[in-house]
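Residue 1 is where the sequence shown starts when you use my numbering, and the numbers rise one by one after that.
Working notes, structure below.
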Amino acid sequence: MAKPFSGGVAVVSYNNVNYGLVDCNGNEVSSFRYKRIGEFHDGLAPFNTNLYGMNFQGMEPRCGYIDTEGREVLPAKWDDAGEFSEMRAPVMRFGVNSEDFYDARWGYIATNGQLVVPFKYHEAYPFSCGLARVFVKGLGYGYINRKGEEVVPCKYQEAEDFHDFTAKVKQYDRVMTIDDKGQIVEGQ
């Protein structure tokens, strides 16, 4: 299996279990030791070094970021990692806010690996139009900006990512379209 070329490299699978990078001439850029390599965005792609892609109790964090030259520029220190968008990526740690190991929380990092949004969300999605969709159990979906400020409160039962500075959300049985300030622009 091979993914399309991006940044002069392609993610290739050896026996559908191990992944690595090759250049346009088929030369190996990174070893085939990864269990997953995501798509490149902002020059980086998430990688996992364990089979299931996430950390399990007693295991060291196994997710980090690789560049198009095959270097692990952000070493494995997260339990799960998403792809970068708008210079931010969602990363997850287990047991951050409680002693319950399985209490996974998501935050966001910058391309230098600095945590820019703390681990406090139960779900976190890529940035689009300057906002990222997040979820907090017991509250719902909302949206944060790149600084981590909640610009649309976590109160929706369902929500989609922003496109053209609007997003569809659902609160109770009401489906609405909101703008990037949370104002309703269309809805029942």
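All C-beta atoms, glycine included, are put in the ideal place defined by N, C-alpha and C.
Predicted model, so just to flag it, every value in this text is computed and none were measured.
Ordered along the chain, which non-local residues of its own chain (more than five positions away) have a Cβ less than 6 Å from that of I109?
For I109, same chain residues with a beta-carbon under 6 Å away, outside a window of 5 residues either side, are A89, V91 and L115 in chain order.
Report all residues from its chain with a CB closer than 8 Å to the CB of Y172; omit the five preceding and five following residues, and keep chain order.
Excluding sequence neighbours, Y172 sits near Q157.
So what does DSSP say about V29, is it helix, strand or coil?
V29 falls in the coil class under three-state DSSP.
I'd like to confirm the pairing. Which residues does DSSP put opposite Q171 in its beta bridges?
Checking the DSSP bridge columns, you'll see Q171 partnered with R174.
Helix, strand or coil at G53 [DSSP, three-state]
Only weak support is given to the placement of G53: the predicted model assigns it a pLDDT of 47, under 50, and the value that follows is read from those uncertain coordinates. The answer is coil: DSSP assigns G53 none of H, G, I, E or B.
Among G64, D179 and P153, the one whose alpha carbon lies nearest that of K162:
One detail in the question is off: residue 162 reads as Phe in this sequence, not Lys. Among G64, D179 and P153, the Cα nearest to that of F162 is on D179.
Within this structure, are the beta carbons of L21 and S30 separated by less than 9 Å?
Remark: C-beta atoms of L21 and S30 approach each other more closely than 9 Å.
Just verifying my parser: in three-state terms, what is the DSSP assignment at G138?
Coil, per DSSP.
Taking the alpha carbon of L74 as the reference point, which residue from E28, T111 and K170 has its own alpha carbon closest?
Comparing Cα-Cα distances from L74 to each of E28, T111 and K170, the minimum goes to T111.
Using DSSP with H/G/I as helix, E/B as strand and the rest coil, what is G8?
Of the three classes helix, strand and coil, the one that applies to G8 here is coil, per DSSP.
Which listed residue (V117, S85 and G142) has its alpha carbon closest to that of F127:
Nearest option by C-alpha distance: S85.
Looking at the structure shown, is H163 part of a helix, part of a strand, or coil, going by DSSP?
Three-state DSSP puts H163 in a strand.
Smallest Cα separation from Y125: which of G113, L139, R146 and G138?
Cα-wise, what sits closest to Y125 is R146.
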